[in-house]
Every structure is written in C-alpha cells, then in structure tokens.
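Protein chains: 2
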Amino acid sequence: MSAFDTAGLQLDNQLCFKLYAASRAVIRAYKPMLDALGLTYPQYLAMLVLWEWQERAPEQPTLKALGQRLQLDSGTLTPLLKRLEQMGLVQRRRAQTDEREVHLALSDAGRAVQAQVLPLKAQLLCQFGDQDLLEMEGLRRSLDRLLARLSD
Amino acid sequence: MSAFDTAGLQLDNQLCFKLYAASRAVIRAYKPMLDALGLTYPQYLAMLVLWEWQERAPEQPTLKALGQRLQLDSGTLTPLLKRLEQMGLVQRRRAQTDEREVHLALSDAGRAVQAQVLPLKAQLLCQFGDQDLLEMEGLRRSLDRLLARLSD
DNA sequence: ATTTATTAAATTGCATGCAATTTAATTGCT
DNA sequence: AGCAATTAAATTGCATGCAATTTAATAAAT
Numbered sequence: 019m020s021a022f023d024t025a026g027l028q029l030d031n032q033l034c035f036k037l038y039a040a041s042r043a044v045i046r047a048y049k050p051m052l053d054a055l056g057l058t059y060p061q062y063l064a065m066l067v068l069w070e071w072q073e074r075a076p077e078q079p080t081l082k083a084l085g086q087r088l089q090l091d092s093g094t095l096t097p098l099l100k101r102l103e104q105m106g107l108v109q110r111r112r113a114q115t116d117e118r119e120v121h122l123a124l125s126d127a128g129r130a131v132q133a134q135v136l137p138l139k140a141q142l143l144c145q146f147g148d149q150d151l152l153e154m155e156g157l158r159r160s161l162d163r164l165l166a167r168l169s170d
Numbered sequence: 019m020s021a022f023d024t025a026g027l028q029l030d031n032q033l034c035f036k037l038y039a040a041s042r043a044v045i046r047a048y049k050p051m052l053d054a055l056g057l058t059y060p061q062y063l064a065m066l067v068l069w070e071w072q073e074r075a076p077e078q079p080t081l082k083a084l085g086q087r088l089q090l091d092s093g094t095l096t097p098l099l100k101r102l103e104q105m106g107l108v109q110r111r112r113a114q115t116d117e118r119e120v121h122l123a124l125s126d127a128g129r130a131v132q133a134q135v136l137p138l139k140a141q142l143l144c145q146f147g148d149q150d151l152l153e154m155e156g157l158r159r160s161l162d163r164l165l166a167r168l169s170d
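In order, the protein sequences belong to chains A and B. Using my numbering, the letters of the first sequence correspond one by one to residues 19 to 170. Using my numbering, the letters of the second sequence correspond one by one to residues 19 to 170.
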C-alpha cells in the first residue's frame with residue numbers, strides 16, 4: 019500500500035467496519051425475539067452464559083468469570099446484573115469464603131426463560147436456507163481464528 | 019434442533035456472540051491508533067466516509083447520507099458530529115436549498131488527519147502475516163454476504 | 001392558498017462499553 | 001501480628017446506539 023493509495027482507507031474495504039456493521043445488523047435481527055423475552059442483547063448473552071454454566075459446572079460463576087467469558091468488565095456487568103436481578107432472573111450473592119466475589123445464581127424464573135428461547139431461536143433461523151446456515155458456520159470459524167489472533 | 023437440544027444455545031456456537039466479540043476486539047486493536055489521532059472509533063468511521071466522499075462526489079454529504087452509509091441515525095450522529103466540529107475537523111451547515119438538511123464539510127484540519135492515518139494503518143497491519151490478511155479478506159467477503167442477507 | 005403529510009435533524013431517555021478511580025477484602029511478606 | 005501489594009466489585013464520567021418524540025421545513029393534495 020503506497021502512501022498515496024487511499025484504497026486501503028475506503029469504508030467498503032475496511033474489515034473493521036464490516037464487522038461493526040454486521041454485529042449491529044445481527045443484533046437488530048435478534049431484536050424481535052429479545053423484545054418477546056424482555057431482554058437486551060448483552061443481557062441475553064449473560065443469560066446464555068448462566069444457562070450454560072448451570073449445565074456444566076457445580077459452582078455458580080462469579081461476576082469476574084462471566085466477564086472473562088463475555089469480555090466485559092464490572093463497569094458494564096454490575097449495572098446489567100442489577101437489572102437482571104430486578105427482573106427476578108438472577109440472584110447476586112457475596113461469597114462467604116471471599117467477600118470480594120459476587121456469585122451469580124439463576125432464579126426459577128431465570129431458568130424458565132431458557133425454555134422460551136429455543137422455539138424463538140428456531141423461528142429466527144427459519145428465514146435462512148441451508149446455504150446460508152453453512153455460510154454462517156464458516157463465518158463463525160473464521161471469526162474464531164480472528165479472535166484467537168487478536169487475543170495475543 | 020430438537021426442543022431439548024441446548025447445543026444451539028451455547029455461547030461458543032452463537033455466531034451473534036462471535037461477531038459481537040470480534041467487532042469489539044477489532045475496535046480494541048484500533049485503540050492505540052485512534053488515541054494517537056484523538057478520535058473514537060465511530061468518529062473515525064465518520065471521517066472515513068467524509069474523506070471518501072470528497073474524492074468521489076462534488077457535493078458534501080448530508081447527515082442523512084452519512085447515516086445511510088454507516089447505518090446510524092441522527093440520535094447517534096448529531097452529537098458525534100458536534101464533537102468533530104468542536105475539534106475543528108468538520109463543519110456543519112444547513113443547506114440553503116432545504117433548511118432541514120445539514121451538510122457536512124471537512125476543514126483543512128479534517129483533511130490533514132487523513133495523511134496521518136495511512137502510516138498508522140500500515141503499522142497496525144504489520145502485526146499480521148500474509149496468511150492472516152488473506153483470511154481477513156475472505157472474512158470481509160463473507161460479512162458482505164451476511165449483511166446483504168440481513169438487509170432484506 | 002390552505003391544510004395535511006412527509007421529511008431531516010434534534011432531543012430525550014435508557015442501556016451499554018470502557019477507562020479510570022475508589023472501596024473493601026484478601027494475600028504476601030517480613 | 002502488622003503492613004504493603006493484590007484483587008474483585010462498584011463507582012464515575014464520557015461517548016455511543018437506538019427507540020420514541022419533537023421541531024421545523026418542504027412537499028403534496030384539495
């Protein structure tokens with residue numbers, strides 16, 4: 019790329035913009051489903067982690083563990099989790115062994131939401147054909163590699 | 019996907035999360051460059067459009083045109099552009115022909131920033147090998163197809 | 001010509017993201 | 001034990017995103 023070549027600065031050539039635009043477009047596509055659930059997109063991601071954690075680990079995750087999973091810090095997660103708690107989906111408890119830690123437990127209502135997601139998710143995927151789904155799978159793997167490359 | 023199959027709800031299987039995480043990771047990667055320029059990421063995208071517009075169209079874009087390019091509305095762009103104007107990079111002017119429209123013009127300082135970007139961008143890309151760049155190109159094209167599919 | 005409908009920005013309100021600081025609890029060190 | 005360093009959340013401040021409403025100007029319709 020020469021110093022006078024501005025092709026590298028064209029918006030359409032910018033991977034960064036495509037990622038940014040695609041991410042927001044996908045969030046928009048999830049909006050009807052999330053509205054039905056009464057969740058925002060990051061709230062949904064947090065619930066996904068909690069549902070998954072419940073099935074895989076005996077202990078509930080801490081805010082820190084959730085943050086590592088989502089790559090979000092306490093500045094974002096503390097208020098988000100307080101809202102989920104207000105909604106009655108999650109309980110936040112200080113650990114007895116270490117009062118610094120906040121452990122996150124699903125309430126019955128929080129667990130119940132999981133069952134609502136599956137049919138809505140299936141409906142969301144209906145608008146895509148097999149070709150699209152295959153393409154998305156390839157995209158997901160490419161993103162995995164990019165993420166691995168960027169987390170050095 | 020059966021009603022009891024939760025694999026489709028695992029975070030790592032969610033394309034939406036990968037996109038969200040990758041987009042934020044790329045923005046993080048741009049942070050050192052953008053700090054040097056004194057711009058936030060969406061401000062940088064707006065400047066990219068203005069630089070590009072200048073080379074391609076005789077007329078300056080309106081806020082609406084910028085918004086269509088970036089898929090952002092006036093709620094986001096009005097304050098963002100006021101900040102760019104405060105920094106002396108952009109001028110906002112009501113159109114004489116239609117007082118509803120705000121036209122966006124680059125100042126000399128705004129044009130000057132473009133020259134600073136190219137070397138910084140080259141430096142940013144240095145950390146990637148040819149293999150990575152090829153992969154990114156494929157990723158960009160995949161994202162194009164996804165975006166086209168979602169903008170129906 | 002007047003009224004109605006449409007359009008472009010601006011504004012308001014709320015929920016992120018994220019850097020930077022603060023607070024409180026725990027660990028390590030001597 | 002006593003003190004410094006570390007750690008986990010919470011807090012603060014600022015800049016988005018985006019839905020919903022408002023304002024002002026133009027276009028359309030009668």
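Cβ coordinates follow ideal geometry from the N, Cα and C atoms, glycine included.
So, is residue i buried or exposed, given that buried needs 16 or more other C-beta atoms within 10 angstroms?
{"i": "B/S20", "result": "With a pLDDT of 44 at B/S20, under the threshold of 50, the modelled position of that residue is not reliable, and no figure is offered here."}
{"i": "A/C144", "result": "exposed"}
{"i": "B/G156", "result": "exposed"}
{"i": "B/F22", "result": "Low per-residue confidence applies at B/F22: pLDDT is 49, beneath 50, and the placement is therefore not dependable, though the value from the model is reported in the following sentence. B/F22 is exposed by the Cβ-count criterion."}
{"i": "B/M102", "result": "It should be pointed out that residue 102 of chain B corresponds to Leu in this sequence rather than to Met. So B/L102 counts as buried."}
{"i": "A/L122", "result": "buried"}
{"i": "B/L151", "result": "exposed"}
If you compare alpha carbons, which of the options is closest to residue i?
{"i": "B/K82", "options": "B/R167, B/A64, B/Q114, B/A54", "result": "B/A64"}
{"i": "A/T80", "options": "A/Q132, A/Q28, A/R163, A/V120", "result": "A/V120"}
{"i": "A/W69", "options": "A/A47, A/M154, A/A133, A/Q104", "result": "A/A133"}
{"i": "B/F146", "options": "A/R163, A/V67, A/D53, A/G147", "result": "A/R163"}
{"i": "B/R112", "options": "B/Q104, B/R74, B/Q78, B/L138", "result": "B/Q78"}
Taking C-beta to C-beta, are residue i and residue j nearer than 9 Å?
{"i": "A/R110", "j": "A/L98", "result": "no"}
{"i": "A/G85", "j": "A/G106", "result": "no"}
{"i": "A/R87", "j": "B/N31", "result": "no"}
{"i": "B/L165", "j": "A/K36", "result": "yes"}
{"i": "A/E153", "j": "B/S41", "result": "no"}
{"i": "A/L27", "j": "B/V108", "result": "no"}
{"i": "A/L124", "j": "A/Q61", "result": "no"}
{"i": "B/A43", "j": "A/L95", "result": "no"}
{"i": "B/Y38", "j": "A/I45", "result": "yes"}
{"i": "B/M51", "j": "B/Q141", "result": "yes"}
Quick one: what's got a C-beta closer than 6 Å to residue i's C-beta in the same chain, skipping five residues either side?
{"i": "A/L29", "result": "F35"}
{"i": "B/V67", "result": "L84, R87"}
Near residue i, which residues of its chain fall below 7 Å by C-beta distance, leaving aside the five closest residues on each side in sequence?
{"i": "B/A25", "result": "N31"}
{"i": "A/V131", "result": "L55, M65, L107"}
{"i": "A/P174", "result": "Here chain A covers residues 19 to 170 and nothing more, so residue 174 of chain A does not appear."}
{"i": "B/L33", "result": "none"}
Spatial neighbours of residue i within its chain, please: CB distance less than 8 Å, with the 5 preceding and 5 following residues excluded, ordered by chain position.
{"i": "A/L138", "result": "M51, A54, L55"}
Q. So does the region 51 to 59 of chain A actually touch the region 109 to 126 of chain A, counting three or more Cβ pairs closer than 8 Å?
A. no
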